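S.K.: First, the structure itself, so that you have it in front of you.
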Amino acid sequence: MKVIDIINNSKTTQFSFELLPPLKGNNIQTIFDTIDKLAEFSPAYINITYHREEIVSRPGVSGGVEFVKVRRRPGTVSVAAAIQQRYKIDVVPHLICGGFDMQETEDALIDLDFLNIQNVLVLRGDADKITGKFEPKVGGHRHAADLVRQISNLNKGIYFESLMEKPEPTDFCIGVGGYPEKHPEAPNFESDIQHLKEKVDAGASYVVTQMFFDNKKYFDFVNECRAIGITVPIIPGLKPITVKDHTNILPRVFNTQIPQELVREIEKCKSNKDVYQLGIEWTTMQAKELKAANVPAIHFYTMGRPNNIAQIAKIIF
Ligand code: FAD
869 MKVIDIINNS KTTQFSFELL PPLKGNNIQT IFDTIDKLAE FSPAYINITY
919 HREEIVSRPG VSGGVEFVKV RRRPGTVSVA AAIQQRYKID VVPHLICGGF
969 DMQETEDALI DLDFLNIQNV LVLRGDADKI TGKFEPKVGG HRHAADLVRQ
1019 ISNLNKGIYF ESLMEKPEPT DFCIGVGGYP EKHPEAPNFE SDIQHLKEKV
1069 DAGASYVVTQ MFFDNKKYFD FVNECRAIGI TVPIIPGLKP ITVKDHTNIL
1119 PRVFNTQIPQ ELVREIEKCK SNKDVYQLGI EWTTMQAKEL KAANVPAIHF
1169 YTMGRPNNIA QIAKIIF
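Here is the structure:
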């Protein structure tokens, strides 16, 4: 079923979570083990992230350093298909602009269609870690809105490769990312939500937010979106902190502020075991308030570690 239908047909807040494909060299059992820990809370759907190739350095054969392209986490589509087949739970593979040209994107969408996967979360993909800039592949998309447009066209039977006589339309439900605390590259909040509106106007049915630790940021964001005419469901994304270093890492990587009250509580923790417990309590508090506000779903970033999410889900769902 499509995520938008799941949400529209449900009167209560749904539970969903995100998984990363296993690191290359590991088998899919790690994915199944994660789902087995969370299945009892009846997830409405499961997202699977997409990971572009990265440039890494390694010692060269004749001394010095050489740079090579690696893909650490391939397999998004096959992981999605394997989950859907084994658990009969709807899946949402992520599809990114980075690393694809339009032809390859079209082929990936055809694979998903044949696998009866009707949902995609459309993202641009991260900027290059070294240059800090995002560069599309030649013939690829620079912004997520362009990729949304390509899929919306496919849903109307308009293919990139226009040689077929009677091409069948696809029927994808498209989600996109939104940033309650602004996307890090956006010059200001106003332009960022205008670009979000562009994605919705291009055909996205719902928005999933970047993680946040202060619910007020989410509620303000929803109000700002509504004020400029974004009417689709906005699903909050939550992640429990697990280690002290998160107070530095998460704001830097995800452009999210950790509230002072939480920072103070983290500082009082004697060990990361205490931080882990605090993370569960804080996220549970956030989830309770969001559920009371009747948000469509709460989406958890598992980062491959389901135990804390299971403890939260046990209380909330
Ligand atoms: P866009 O919507 O293209 O926006 C990127 C930036 O460009 C923003 O600053 C925006 O304001 C600006 N912009 C947009 N349109 C225009 C325009 N026309 N002109 C000028 N500026 C414009 N990354 C992955 O690699 N794999 C994943 O699986 C993945 N999953 C994610 C899941 C969620 C829920 C979220 C929120 C993020 C995820 N990301 C993932 C990270 C994402 O790829 C990055 O945040 C990326 O930097 C931006 O993606 P976007 O789709 O929001 O891009």
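With the sequence shown counted from 1, adding 868 to any position gets you our numbering. We put the CB at the ideal spot given by N, CA and C, even for glycine. Because the structure is a prediction, the values reported are computed rather than measured.
Are the beta-carbon atoms of T1124 and M1079 separated by less than 8 Å?
M.R.: Along the sequence shown, read from residue 1 onward, the residue named residue 1124 stands at position 256. Along the sequence shown, read from residue 1 onward, the residue named residue 1079 stands at position 211. In this structure, M1079 lies closer than 8 Å to T1124 by Cβ.
S.K.: Go through its chain and collect everything with a Cβ distance to D1039's Cβ below 7 Å, but skip five positions before and after it.
M.R.: One-based indexing of the sequence shown puts residue 1039 at position 171. Excluding sequence neighbours, D1039 sits near Q986, N1023.
S.K.: Would you say the beta carbon of Q1018 comes nearer than 7 Å to a heavy atom of the ligand FAD?
M.R.: Reading the sequence shown from its first residue, position 150 is the one you call residue 1018. The answer is no for Q1018.
S.K.: What residues match up with M1079 in a beta bridge as DSSP calls it?
M.R.: For this step, residue 1079 is matched to residue 211 along the sequence shown. M1079 is bridged to G1105.
S.K.: Let me know if D1113 comes out buried or exposed under the rule of 16 or more other beta-carbons within 10 Å of its beta-carbon.
M.R.: As a working mapping, residue 1113 is identified with position 245 in the sequence shown. By the 10 Å Cβ count, D1113 comes out exposed.
S.K.: Give every residue of the same chain whose Cβ lies closer than 6 Å to the Cβ of F935, excluding the five residues on either side of it in the sequence, and list them in chain order.
M.R.: Within the sequence shown, residue 935 is the residue found at index 67, counting from 1. For F935, where only same-chain residues beyond five positions count, the Cβ hits under 6 Å are I923, S925.
S.K.: Please report how far the alpha carbon of C965 lies from the alpha carbon of R1017, in whole angstroms.
M.R.: Indexing the sequence shown from 1 puts residue 965 at position 97. Indexing the sequence shown from 1 puts residue 1017 at position 149. About 12 Å.
S.K.: Just to confirm, does Q1078 get its C-beta within under 7 Å of one of the non-hydrogen atoms of the ligand FAD?
M.R.: Along the sequence shown, one-based indexing puts residue 1078 at 210. Correct: Q1078 has its Cβ closer than 7 Å to the ligand FAD.
S.K.: Could you tell me whether any non-hydrogen atom of the ligand FAD is closer than 7 Å to the CB of L991?
M.R.: Indexing the sequence shown from 1 puts residue 991 at position 123. Within the cutoff, so yes.
S.K.: Consider the C-beta atom of D1060 and the heavy atoms of the ligand FAD; say whether any pair is separated by less than 7 Å.
M.R.: Residue numbering aside, residue 1060 sits at position 192 when the sequence shown is read from its first letter. Yes, the ligand FAD has a heavy atom inside 7 Å of this Cβ.
S.K.: Going by CA-CA distance only, name the one from F982, N876, P911, A1013 that's closest to Q1062.
M.R.: One-based indexing of the sequence shown puts residue 1062 at position 194. When each option's Cα is compared against that of Q1062, the closest is A1013.
S.K.: Does the distance from the C-beta atom of K1050 to that of D1060 stay below 8 Å?
M.R.: As a position in the sequence shown, residue 1050 is number 182, starting the count at 1. As a position in the sequence shown, residue 1060 is number 192, starting the count at 1. Closer than 8 Å, so yes.
S.K.: Check this for me: beta carbons of L989 and N915, under 8 Å apart or not?
M.R.: Residue mapping note: residue 989 aligns to position 121 of the sequence shown, counting from 1. Residue mapping note: residue 915 aligns to position 47 of the sequence shown, counting from 1. Closer than 8 Å, so yes.
S.K.: For R1010, count neighbouring Cβ atoms within 10 angstroms of its own Cβ and tell me buried if that reaches 16, exposed if not.
M.R.: On the sequence shown, residue 1010 is found 142 positions in, with the first residue counted as 1. Exposed, by the Cβ-count rule.
S.K.: Go through the stretch 960 to 1043 residue by residue and report every complete run of the beta strand (DSSP E) that reaches 3 residues or more, in order.
M.R.: Segments of the beta strand (DSSP E) lying fully in the stretch 960 to 1043: 987 to 991.
S.K.: Distance check for G1025 and K1107, CA to CA, integer angstroms please.
M.R.: The sequence position of residue 1107 within the sequence shown is 239, counting from 1. The sequence position of residue 1025 within the sequence shown is 157, counting from 1. Straight-line Cα distance between these residues: approximately 38 Å.
S.K.: If I follow the unbroken beta strand (DSSP E) through R954, where does it start and stop?
M.R.: Looking up residue 954 in the sequence shown gives position 86. Taken as a continuous stretch (DSSP letters only), R954 belongs to no beta strand (DSSP E), being part of the alpha helix (DSSP H) at 944 to 955.
S.K.: Which first and last residues belong to the beta strand (DSSP E) in which L891 is found?
M.R.: Residue 891 sits at position 23 when you count from the first residue of the sequence shown. Unbroken run through L891: none, as it is neither H nor E.
S.K.: In terms of DSSP beta bridges, what is P927 paired with?
M.R.: The residue given as residue 927 occupies position 59 in the sequence shown. Paired residues: V933.
S.K.: On the DSSP letters alone, give me the boundaries of the alpha helix (DSSP H) that F1122 sits inside.
M.R.: Here residue 1122 is taken as the residue at index 254 of the sequence shown, counted from 1. Start and end: 1114 to 1122.
S.K.: Less than 8 Å separating the beta-carbons of P1048 and F1089?
M.R.: Start at 1 with the first residue of the sequence shown, and residue 1048 comes out as number 180. Start at 1 with the first residue of the sequence shown, and residue 1089 comes out as number 221. Yes; because the gap between Cβ atoms is below 8 Å, this pair is in contact.
S.K.: As a quick exercise: from E1092, C1137, G967, pick the residue whose alpha carbon is nearest that of E1003.
M.R.: Mapped onto the sequence shown, residue 1003 falls at position 135. Of the listed residues, the one whose Cα sits closest to E1003 is G967.
S.K.: Relative to the C-alpha of A1178, which residue among F885, P942, P1104 is closest?
M.R.: Start at 1 with the first residue of the sequence shown, and residue 1178 comes out as number 310. Nearest of F885, P942, P1104 to A1178, Cα basis: F885.
S.K.: Let me check you understand the geometry: is the CB of V1044 closer than 7 Å to at least one non-hydrogen atom of the ligand COA?
M.R.: By its list of ligands, the structure shown excludes the ligand COA, since it contains just the ligand FAD.
S.K.: As an exercise, report each continuous alpha helix (DSSP H) stretch of at least 4 residues that is fully enclosed by the stretch 1109 to 1185, in chain order.
M.R.: DSSP runs (the alpha helix (DSSP H)) wholly in the stretch 1109 to 1185: 1114 to 1122, 1128 to 1136, 1140 to 1160, 1175 to 1184.
S.K.: Shortest alpha-carbon distance to T917 belongs to which of D901, G928, G943, P911?
M.R.: One-based indexing of the sequence shown puts residue 917 at position 49. T917 has its Cα closest to that of G943, out of D901, G928, G943, P911.
S.K.: Would you say the beta carbon of R920 is closer than 7 Å to some non-hydrogen atom of the ligand FAD?
M.R.: In the sequence shown, the residue the question calls residue 920 occupies position 52. Under cutoff, so the answer is yes.
S.K.: Tell me whether S1059 sits in a helix, a strand or coil according to DSSP, three-state version.
M.R.: By 1-based counting over the sequence shown, the position of residue 1059 is 191. If DSSP states are grouped into helix, strand and coil, S1059 belongs with the helices.
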